[in-house]
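2 protein chains.
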Amino acid sequence: MFKTALAAGIDTCFANPGTTEMAMVATLDRVDGMRAVLTMFEGVASGAADGFWRASGRPALGMFHLGPGFANALANNHNARRGLSPIINLVGDQTTWHLPADAPLSSDTQKVATWAGWHRYVTSPNDISADTAAAICAATTGPRGPATLVIPADVTWEQAPDDITSVAIGTLAAPDPDKIGAAANLLHQPGAALIVGGSWLTAEMAHDATAIAAATGCKVFSYRVPNAEIGQGIPHIADIPYFPEQATQVLASVETAVLLGTPEPITFFGYPDVPSETLPPGARRFDLGGPAADTAKALVALVEHLGAQRHATGPVECPEMPTGALDVGSLGAAVVAGLPDDAIVVQEGITSAAGLRSYSVAAPPHRTFSPTGGAIGGGLPLAVGAACASPGRRIVSFQADGSSMYTIQSLWTMAREQLDVTVVLCNNQRYAILEVELLRAGIEVPGPKAASLTSLADPALDFTSIAAGMGVPSTRATTADAFAAAYSRANSEPGPHLIEAML
Amino acid sequence: MFKTALAAGIDTCFANPGTTEMAMVATLDRVDGMRAVLTMFEGVASGAADGFWRASGRPALGMFHLGPGFANALANNHNARRGLSPIINLVGDQTTWHLPADAPLSSDTQKVATWAGWHRYVTSPNDISADTAAAICAATTGPRGPATLVIPADVTWEQAPDDITSVAIGTLAAPDPDKIGAAANLLHQPGAALIVGGSWLTAEMAHDATAIAAATGCKVFSYRVPNAEIGQGIPHIADIPYFPEQATQVLASVETAVLLGTPEPITFFGYPDVPSETLPPGARRFDLGGPAADTAKALVALVEHLGAQRHATGPVECPEMPTGALDVGSLGAAVVAGLPDDAIVVQEGITSAAGLRSYSVAAPPHRTFSPTGGAIGGGLPLAVGAACASPGRRIVSFQADGSSMYTIQSLWTMAREQLDVTVVLCNNQRYAILEVELLRAGIEVPGPKAASLTSLADPALDFTSIAAGMGVPSTRATTADAFAAAYSRANSEPGPHLIEAML
Chain A
1062 MFKTALAAGI DTCFANPGTT EMAMVATLDR VDGMRAVLTM FEGVASGAAD GFWRASGRPA
1122 LGMFHLGPGF ANALANNHNA RRGLSPIINL VGDQTTWHLP ADAPLSSDTQ KVATWAGWHR
1182 YVTSPNDISA DTAAAICAAT TGPRGPATLV IPADVTWEQA PDDITSVAIG TLAAPDPDKI
1242 GAAANLLHQP GAALIVGGSW LTAEMAHDAT AIAAATGCKV FSYRVPNAEI GQGIPHIADI
1302 PYFPEQATQV LASVETAVLL GTPEPITFFG YPDVPSETLP PGARRFDLGG PAADTAKALV
1362 ALVEHLGAQR HATGPVECPE MPTGALDVGS LGAAVVAGLP DDAIVVQEGI TSAAGLRSYS
1422 VAAPPHRTFS PTGGAIGGGL PLAVGAACAS PGRRIVSFQA DGSSMYTIQS LWTMAREQLD
1482 VTVVLCNNQR YAILEVELLR AGIEVPGPKA ASLTSLADPA LDFTSIAAGM GVPSTRATTA
1542 DAFAAAYSRA NSEPGPHLIE AML
Chain B
1062 MFKTALAAGI DTCFANPGTT EMAMVATLDR VDGMRAVLTM FEGVASGAAD GFWRASGRPA
1122 LGMFHLGPGF ANALANNHNA RRGLSPIINL VGDQTTWHLP ADAPLSSDTQ KVATWAGWHR
1182 YVTSPNDISA DTAAAICAAT TGPRGPATLV IPADVTWEQA PDDITSVAIG TLAAPDPDKI
1242 GAAANLLHQP GAALIVGGSW LTAEMAHDAT AIAAATGCKV FSYRVPNAEI GQGIPHIADI
1302 PYFPEQATQV LASVETAVLL GTPEPITFFG YPDVPSETLP PGARRFDLGG PAADTAKALV
1362 ALVEHLGAQR HATGPVECPE MPTGALDVGS LGAAVVAGLP DDAIVVQEGI TSAAGLRSYS
1422 VAAPPHRTFS PTGGAIGGGL PLAVGAACAS PGRRIVSFQA DGSSMYTIQS LWTMAREQLD
1482 VTVVLCNNQR YAILEVELLR AGIEVPGPKA ASLTSLADPA LDFTSIAAGM GVPSTRATTA
1542 DAFAAAYSRA NSEPGPHLIE AML
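The listed protein sequences derive, respectively, from chains A and B.
Under the working numbering, the first residue of the first sequence is numbered 1062, with each subsequent residue one higher.
Under the working numbering, the first residue of the second sequence is numbered 1062, with each subsequent residue one higher.
Now the structure itself:
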């Protein structure tokens, strides 16, 4: 199993093993080159595997302890599925002949795996290499996503044969030339828009999309791309906004939408009297290739078909390092003004990240990751995985307080692996997005119970203490100046650091 | 929904809501008498609901955010199922007409609910009261366990009718008199053993079981009872040990096993060349009533049928408050010697709790809870729920370090609700049970990867800082004397306190 993975270039395993995985754990020591990274909660491992893929283009393994343990991995597994990130989940299970005894920790592990996506129950050590290859193939062939092997303990007790099934990371489908031509024609029409989804949006792709817009007059939007290059010299592709009214507004004049790498844009939730679709009802939808498509190749093909010209993008004025009060705006400006070169910014936060989002086009070129599936607790684990994949690269984990607590155990793995992560923990002491959602539900003045269920105050979390408790050095910043100083120091020192930004 | 629950005596809701639950959240403020307790992770809410039931005999509600959020609740939901604890899970879901849009946070919530046990998808506000009543009935009728309502957001937007379906907490089945007679006959035979499982073992039941043993000459064992009264004046019923070899040994002379409230005892995991069954192969098994049976009534019926006499139990020598080194033995002795009257001790820990288990018969009468299903992370949430159900009663949460980290967010809810919990955090810096399991797997000297995957050192967790960060006062104890002083103070002050016991 591990050798099959290694032969495919998969060399990292985020692990949270239990008794049924002990033979797998022992085997790791007999496989040179396979790194084992311990996490203290399964959701950290599944999110880290997602982040590892996004940063490196190589999938990682996750190792989990049968049904309930793997259940803890499902939320970030969901995020990986929605973000089109392959993960190879290795999930132990009870010894086959012990299952009829219905032991306390027995459960329908396969049903959990079904929910997680592609899955296979491994029935023999003779199949383990082929089954691993099948999982790698399933995970990396578009649409990419998690693939799960459920491996009963007795299968792991026996020696597997030495021969290894050869498998390579899957490639995505090249665009259909006829469709490229049809899309190019449509993009010339008035009210045309190119909407780009899929798993990433590189600087090259942003240049291509901008060239296509210039050549055809179409608008260009990105739509929930979990992994995007952004910053100075990279054309800015506008995101379709989160809230339905704003999304509907930016798309109001669209008459023809060419959809690349994504189904049509929709609202995140269903609200009373708000349609699911954010495109105008009468707008034409053209499917240039869904989540299984190679969006980069499709953009290149469009550029070539159109004879579009790529142009250099002029500089954007960079915000100065702010001083004075620390708020959503000055925090975003400070993160951007002090961002190291070639960083990865992992964003989990809606309200707290508003400033960061608006300034980030002025930052040095960097990558930005977001937990696309909407399951809470994706941010810190993504940062763990990105850092494991990118030695020497600074990861800035821009993290809301409420969501951080779902996978706060990530901090310990950052400390153990001495990962170069600067955690910017935005402490506003509330689930601010839920306050907005209460307002949207017509509750202008929440009653005491609703208020208590959206507040993180009383007591206030002290993230500097939590970080210290998990071995991560930490600083609290209550002004922009203090934040800037701490941020500069954190980014220049090796290993993790947490800055609690008091908003 | 809430009024139906209230009418059945259910008055507490452990909640981790999101956008699709906002109408439910707002409704809470219109229902007097329904308490809402916020948790920062779903597994805390499901474990707390379990603990609330065990302490009070009243189920609690859990409120969760659709598929991935509820997935986070599954591990402790599994523990509740195996511990026969009813929970009523209220799980939001996407607006029905928004499901076809396959939004990023959409998933098969019903499939998650299927794994969790009994479940129903609520299709109309007109049904919500009847559906709630059905869930309460399903959860509390034996075998008890979680029951889940999946409630799409649009169902919660509309006003439900005022009429409430009346429902009462279910009762368990009384024993069949013929079976009682047959069991009584069998217990008189040589090599007979009465094995008592089920959801609780009260002092009364322990007296009854001991009287039965005295009247018939049978042995008596308890088997994975998640909620037991123990201490001075309560006859000690021996537990069947955790490891298979020890379990097989204590049961070696059994020729006839009368099983009450449980299927036959089995090993926790399947190991090479170790049978699942821990009873001798030729022993007769007699089923006096499985997990759906009222074990207390069955014991009373046996006592009456046999004319058995209950006797007072003599005192057990209480360990002195230890001094000197802090280790598993002295820690257990100290916890017992200083245990407040009528406490609830929640145990999650196998190796660290060995001393506590051996001394606890000498403690003042108390209750002990354990996470029966084997899913990690049950202990701290059980303590949260037990404390919410038992104002004025001291909860001692005796907690291993590794398992604590799965639901460490529990500390914050303890602080917010000012729960009278003394957390005894056993810090041995390793997953000691996995070291034992590696040994069992024949790995006497783990390689560096296996060693790293079972070690919590490098960096060491500092639980006093983690607790302080979540608003819980904390102390570190490195000697038995220091532990005793901190423990006495913690137990006498209101609100939570964490003592990190360095082992």
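Glycine included, each C-beta is placed from N, C-alpha and C at the ideal position.
As the structure is a computational prediction, the values presented were derived from the model and not from experiment.
Count the other C-beta atoms from every protein chain shown that fall within 10 angstroms of the C-beta of Val1506 of chain B, then say buried if there are 16 or more, exposed otherwise. As a first step, residue 1506 of chain B must be located in the second sequence, where it is residue number 445. Under this definition Val1506 of chain B is an exposed residue.
Leu1340 of chain A versus Pro1557 of chain B: straight-line alpha-carbon distance, rounded: Residue 1340 of chain A sits at position 279 when you count from the first residue of the first sequence. Residue 1557 of chain B sits at position 496 when you count from the first residue of the second sequence. C-alpha separation (whole angstroms): 52 Å.
How far does the alpha helix (DSSP H) with Ala1177 of chain B in it reach, from first residue to last? Residue mapping note: residue 1177 of chain B aligns to position 116 of the second sequence, counting from 1. Taken as a continuous stretch (DSSP letters only), the alpha helix (DSSP H) holding Ala1177 of chain B covers 1170 to 1177.
Please classify Trp1473 of chain A as buried or exposed, where buried requires at least 16 neighbouring CB atoms within 10 angstroms. Position 412 of the first sequence, counted from the start, is the residue given in the question as residue 1473 of chain A. The residue is buried, with at least 16 neighbouring Cβ atoms inside 10 Å.
Classify Leu1500 of chain A: buried if its beta carbon has 16 or more other beta carbons within 10 angstroms, exposed otherwise. In the first sequence, the residue the question calls residue 1500 of chain A occupies position 439. Exposed, by the Cβ-count rule.
When burial is assigned at 16 or more other CB atoms within 10 Å of the CB, is Gln1479 of chain B buried or exposed? As a position in the second sequence, residue 1479 of chain B is number 418, starting the count at 1. Result: exposed.
Going by Cα to Cα distance, which pick from B:Ala1538, B:Ala1521, B:Pro1509 is closest to Arg1096 of chain A? As a first step, residue 1096 of chain A must be located in the first sequence, where it is residue number 35. With distances taken between Cα atoms, Arg1096 of chain A lies closest to B:Pro1509.
Taking 7 Å as the CB-CB cut-off, is Ile1212 of chain B touching chain A? Reading the second sequence from its first residue, position 151 is the one you call residue 1212 of chain B. No, no contact with chain A.
Listing by chain order, which chain A residues have their CB less than 8 Å from the CB of Leu1514 of chain B? Sequence index remark: in the second sequence, residue 1514 of chain B carries index 453 (1-based). Going along chain A in sequence order, the residues near Leu1514 of chain B (Cβ under 8 Å) are Ala1076, Pro1078, Val1086, Leu1089, Ala1097, Leu1099.
Can you list, in chain order, the residues of its chain whose CB lies under 6 Å from that of Ala1196 of chain A, leaving out five sequence neighbours each side? Numbered from its first residue, the first sequence carries residue 1196 of chain A at position 135. Taken in chain order, the residues that qualify are Ile1149, Ala1208, Leu1210.
Alpha-carbon to alpha-carbon, Cys1487 of chain A and Glu1561 of chain A: Within the first sequence, residue 1561 of chain A is the residue found at index 500, counting from 1. Within the first sequence, residue 1487 of chain A is the residue found at index 426, counting from 1. Whole-angstrom Cα-Cα distance: 6 Å.
Just the C-alpha distance for Asp1403 of chain A and Glu1496 of chain B, rounded to the nearest angstrom, thanks. Counting from one through the first sequence, the residue named residue 1403 of chain A turns up at place 342. Counting from one through the second sequence, the residue named residue 1496 of chain B turns up at place 435. Near 41 Å, if we compare the C-alpha coordinates of Glu1496 of chain B and Asp1403 of chain A.
Are the C-beta atoms of Ala1502 of chain A and some chain B residue less than 7 Å apart? One-based indexing of the first sequence puts residue 1502 of chain A at position 441. Closer than 7 Å: yes.
What does a CB cutoff of less than 8 Å around Gly1079 of chain B pick up in its chain, not counting 5 residues either side in sequence? Here the question's residue 1079 of chain B lines up with position 18 in the second sequence. Contacts found: His1126, Leu1127, Gly1130, Gly1153.
Among the residues of its own chain, which have a CB less than 6 Å from the CB of Ser1283 of chain B, if the five just before and after it don't count? On the second sequence, position 222 is the one that residue 1283 of chain B refers to. Same-chain partners within the cutoff: Val1257, Leu1262, Ile1298, Asp1300.
For the stretch 1449 to 1497 of chain A, list the beta strand (DSSP E) runs that are entirely contained and at least 3 residues long, ordered along the chain. 1456 to 1461, 1482 to 1488
Count the other CB atoms within 10 Å of the CB of Gln1310 of chain B; is the residue buried (16 or more) or exposed (fewer)? In the second sequence, counting from the first residue as 1, residue 1310 of chain B sits at position 249. Classification of Gln1310 of chain B: exposed, given that the 10 Å Cβ count is below 16.
If we count the other Cβ atoms within 10 Å of its Cβ and call it buried at 16 or more, is His1249 of chain A buried or exposed? As a working note, residue 1249 of chain A is residue 188 in the first sequence. Exposed: under 16 other Cβ atoms inside 10 Å.
Would you say Phe1330 of chain B and Gln1408 of chain B are within 7 Å of each other, going by their C-beta atoms? Residue numbering aside, residue 1330 of chain B sits at position 269 when the second sequence is read from its first letter. Residue numbering aside, residue 1408 of chain B sits at position 347 when the second sequence is read from its first letter. Going by C-beta atoms, Phe1330 of chain B is not nearer than 7 Å to Gln1408 of chain B.
Which residues in chain B sit within 7 Å of Gly1523 of chain A, going by Cβ to Cβ distance? The sequence position of residue 1523 of chain A within the first sequence is 462, counting from 1. The sequence shown places Asp at residue 1523 of chain A, rather than the Gly named in the question. Chain B residues near Asp1523 of chain A: Ala1529, Gly1530.
Going along the chain, which unbroken runs of the alpha helix (DSSP H) with 4 or more residues stay wholly within the stretch 1393 to 1429 of chain B? 1415 to 1420
In its own chain, which residues sit with a C-beta less than 8 Å from the C-beta of Val1532 of chain A, not counting the 5 before and 5 after it? The residue you call residue 1532 of chain A lines up with position 471 of the first sequence. Just to set this straight, residue 1532 of chain A is Gly in the shown sequence, not Val. Result list for Gly1532 of chain A: Leu1472, Trp1473, Ala1476, Arg1477, in chain order.
In whole angstroms, give me the CA-to-CA distance for Gly1375 of chain B and Asn1552 of chain B. Position 314 of the second sequence, counted from the first residue, corresponds to residue 1375 of chain B. Position 491 of the second sequence, counted from the first residue, corresponds to residue 1552 of chain B. About 27 Å.
8 Å contact criterion, which Asp1348 of chain A and Leu1320 of chain A should meet: CB distance rounded: Locating residue 1348 of chain A in the first sequence gives position 287, counting from the first residue. Locating residue 1320 of chain A in the first sequence gives position 259, counting from the first residue. Going by Cβ atoms, the distance from Asp1348 of chain A to Leu1320 of chain A rounds to 6 Å, so yes, they are a contact pair.
Checking contacts by CB at 7 Å: is Trp1179 of chain B closer than that to chain A? As a first step, residue 1179 of chain B must be located in the second sequence, where it is residue number 118. So no, Trp1179 of chain B is outside the interface.
Is the distance from the Cβ of Ser1535 of chain B to the Cβ of Leu1517 of chain B below 7 Å? Position 474 of the second sequence holds residue 1535 of chain B. Position 456 of the second sequence holds residue 1517 of chain B. Cβ atoms of Ser1535 of chain B and Leu1517 of chain B: not closer than 7 Å.
Let me know if Ser1359 of chain A comes out buried or exposed under the rule of 16 or more other beta-carbons within 10 Å of its beta-carbon. Sequence index remark: in the first sequence, residue 1359 of chain A carries index 298 (1-based). Strictly speaking, residue 1359 of chain A in this sequence is Ala, with Ser absent from that position. By the 10 Å Cβ count, Ala1359 of chain A comes out buried.
Evaluate Glu1082 of chain A with the Cβ neighbour count: other Cβ atoms within 10 Å of its Cβ, from every protein chain shown; 16 or more gives buried, anything less gives exposed. Indexing the first sequence from 1 puts residue 1082 of chain A at position 21. So Glu1082 of chain A counts as buried.
According to DSSP, is Thr1613 of chain A helix, strand or coil? Absent from the model: residue 1613 of chain A. The displayed extent of chain A is 1062 to 1564, so no value can be given.
So, using beta-carbon positions, are Ala1538 of chain A and Ala1529 of chain A closer together than 7 Å? To locate residue 1538 of chain A, count along the first sequence from 1; it is residue 477. To locate residue 1529 of chain A, count along the first sequence from 1; it is residue 468. Result no, Cβ atoms of Ala1538 of chain A and Ala1529 of chain A do not sit closer than 7 Å.
Taking just the CA atoms, how far does Glu1265 of chain B sit from Arg1550 of chain B? Translated into positions along the second sequence, residue 1550 of chain B becomes position 489. Translated into positions along the second sequence, residue 1265 of chain B becomes position 204. Their Cα atoms are separated by approximately 32 Å.
Report the partner residues of Glu1306 of chain B according to the DSSP bridge assignment. By 1-based counting over the second sequence, the position of residue 1306 of chain B is 245. Looking at the DSSP assignment, Glu1306 of chain B forms no beta bridge with any residue, so it has no partner.
Residue-chain proximity (Phe1330 of chain A, chain B), Cβ-Cβ < 7 Å: The count along the first sequence starts at 1 and reaches residue 1330 of chain A at position 269. Closer than 7 Å: yes.
Starting from Trp1583 of chain B, find everything on chain A with Cβ-Cβ shorter than 8 Å and list it in chain order. For chain B, the structure presents residues 1062 to 1564; residue 1583 of chain B sits outside this window and is missing.
DSSP three-state call for Asn1150 of chain B: helix, strand or coil? Sequence index remark: in the second sequence, residue 1150 of chain B carries index 89 (1-based). Strand.
Where Asp1163 of chain A meets chain B, residues with beta-carbon distance less than 9 Å: In the first sequence, residue 1163 of chain A corresponds to position 102, counting from 1. Here the neighbours are Pro1324, Ile1327.
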